[in-house]
Amino acid sequence: MTAKVTHSTSPVPDNAKTAFVLAGGGSFGSVQVGMLRALVAHGLMANMVVGSSVGAMNAAFYAGMPTAEGVEKLAAIWRSLRRQDVFPITLRTLIGFIRRRDFLVEADGVRRLIDTHVPYRNLDEEAKIPLHVVATDLLSGETIVLSKGSVAQAVLASTAIPSAFAPVQIESLYLADGAITCNTPVRVAIACGARRLIILPTGYACALETPPAGAIACALHALTLLIARQLLHELHGLDSDIEYFVVPPLCPLLGSPYDFSQTNKLIDRAAQSTRTWLAEGGLTRRAIPNQMHTHKHH
218 MTAKVTHSTS PVPDNAKTAF VLAGGGSFGS VQVGMLRALV AHGLMANMVV GSSVGAMNAA
278 FYAGMPTAEG VEKLAAIWRS LRRQDVFPIT LRTLIGFIRR RDFLVEADGV RRLIDTHVPY
338 RNLDEEAKIP LHVVATDLLS GETIVLSKGS VAQAVLASTA IPSAFAPVQI ESLYLADGAI
398 TCNTPVRVAI ACGARRLIIL PTGYACALET PPAGAIACAL HALTLLIARQ LLHELHGLDS
458 DIEYFVVPPL CPLLGSPYDF SQTNKLIDRA AQSTRTWLAE GGLTRRAIPN QMHTHKHH
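End of the sequence shown = 515 in this note's numbering, gap-free, step of one.
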C-alpha cells in the first residue's frame, strides 16, 4: 500500500501504540542493535516496528523475536557479517556491470541473510508484532509501505540501493531503497496507527577528516548525511499530539557505512550510550539530540 499520513488532534492516551522506527545507514545499522539491547533491557516494548533500508532488515528480525534473546541473536548475525556478504564485488561483477547491467551486484547475499535468519516468511502472518517495510517506487517516486506478502521481497526492495542492486518488482511496482524517499519512516509509523515513536537513527561519520575512499563508500556516507537532515525536517513538522523520542546516535563516529569491521565495537558503544540516555531521562523528553544536527570534530 502507499503510505498516507493521518493526524489526530486528541491527546496521546496511556495505551497509545508505540512504534520502533528504524532508519537506514548501511553497516551503521549495527548501532541499532546496541540501541535495541538497551531499550529491551529497560523493559520497553513496541506494538509495531517500521524500517527503511538496513533498518528494514533489523526491523524484520526484531519483529520475529522481540526479546532480549532475539536482540542478542541479531547482534551475533551482525558480528559475523563481512562486506563481501552484502556487497560481493569481484572482477566478474565489474565486467558484468560494464557489459550489460544497470546494477553492480546481485542481491543474493542479502537474500541469504533473510532466508537464513529471519524466522518467518510473510509480513502479515507470522511476525510476533506488526512489521511495516518502506521502499520507493522508482517510476512514480512514491513511498511504498509493504505490510503484507513476502518478507524477503520487502526487505530486498527496501535495501536495493540504486545502481548497486537491481530494483525489485512486486506486482506492477519497481521498488528500490526506502532511503530515497523515506529513510526514517516517522510519518509511515503515524499513518499505521502509532502515536508514540521510539526512533533509532544510525548517525553519520561526523569525525572524518577526509571523505571515505571508494565510490560506494562515499555514496553511502553522503546518504547518511541526507538521512540526518531528512529526520530533522520530519520531526519539526509533527503534530503536538505525537510523542517521539530519538535515541542519540554515536558521536563522535569514524569509519564508513560500507565498512563492517567495527560492528562489535559499535554495538557495545551504542548499548552503553543508550543506557546512559535512558538513565538521564531520555524517555521523558520530546527532543532532538544535538548529535543529529550538522557538526564536525576537527
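A virtual CB, placed ideally from N, CA and C, is assigned to each residue, including glycine.
As the structure is a computational prediction, the values presented were derived from the model and not from experiment.
Linking T501 to Q508 through their CA atoms gives a straight-line distance of about 18 Å. Sorting I505, G281, A487 by C-alpha distance to the C-alpha of E343 places G281 at the top. When beta bridges are read from the DSSP output, G268 appears opposite L239, V350. Boundaries for L414: no alpha helix (DSSP H) harbours it, while the beta strand (DSSP E) harbouring it runs 413 to 417, taken from the DSSP string.
With a 10 Å radius around the Cβ and a threshold of 16 neighbouring Cβ atoms, E497 comes out exposed. The beta-carbon distance between T491 and A293, rounded to whole angstroms, is 19 Å. This is too long to meet the 8 Å contact definition.
At a cut-off of 4 residues, the continuous stretches assigned as alpha helix (DSSP H) that sit fully inside the segment 430 to 474 are 432 to 453. Burial state of S247 is buried, judged by a 10 Å Cβ sphere holding 16 or more other Cβ atoms. The C-beta distance from V351 to C409 rounds to 11 Å, too long to fall under 8 Å, and the pair is not in contact. DSSP, read as helix, strand or coil, puts L425 in coil.
At the C-beta level, I444 and A240 come within 8 Å of one another. If you check the CB distance, T376 and D394 come in under 8 Å.
For L452 against I397, the beta-carbon gap comes to about 19 Å, at or over 8 Å, which does not count as contact. Beta bridge pairing from DSSP links S367 with N339. G260 is the residue among F382, N275, A434, G260 whose C-alpha sits nearest the C-alpha of A285. M252 counts as buried, since no fewer than 16 other beta carbons sit within 10 angstroms of its beta carbon.
Residues of the same chain with a CB within less than 6 Å of the CB of G272, apart from the 5 flanking positions on each side, are L239, A240, G241 in chain order.
Scanning its chain for C-beta atoms nearer than 6 Å, with the 5 sequence neighbours on each side dropped, one finds around L355 the residues P384, Y391, A393, in chain order.
For A277, the closest C-alpha among the options A374, P469, T360 is that of A374.
Contact between P469 and C435 does not hold, since their C-beta atoms are separated by about 19 Å, which reaches or exceeds 8 Å. In this structure, H349 lies near V405, with their beta-carbon atoms less than 8 Å apart. Residue burial is scored here from C-beta neighbours: L471 has fewer than 16 other C-beta atoms within 10 angstroms and is therefore classed as exposed.
Between the C-alpha atoms of E426 and A233 there is a straight-line separation of about 44 Å. If you check the CB distance, P474 and L442 do not come in under 8 Å. Proximity to A369 across R486, N264, P336, H512 peaks at P336, based on C-alpha coordinates.
For D325, the uninterrupted alpha helix (DSSP H) run begins and ends at 325 to 334, by DSSP. Note on geometry: alpha-carbon atoms of S457 and V403 lie some 14 Å from one another. Per DSSP, A487 is one residue of the alpha helix (DSSP H) stretching across 480 to 496. Counting along the chain, the unbroken alpha helix (DSSP H) around L291 starts and ends at 285 to 297. Per the coordinates, the alpha-carbon of S364 lies some 25 Å from the alpha-carbon of W295. If you look at Q386, you'll find it isn't in any alpha helix (DSSP H); it sits in the beta strand (DSSP E) that goes 385 to 387.
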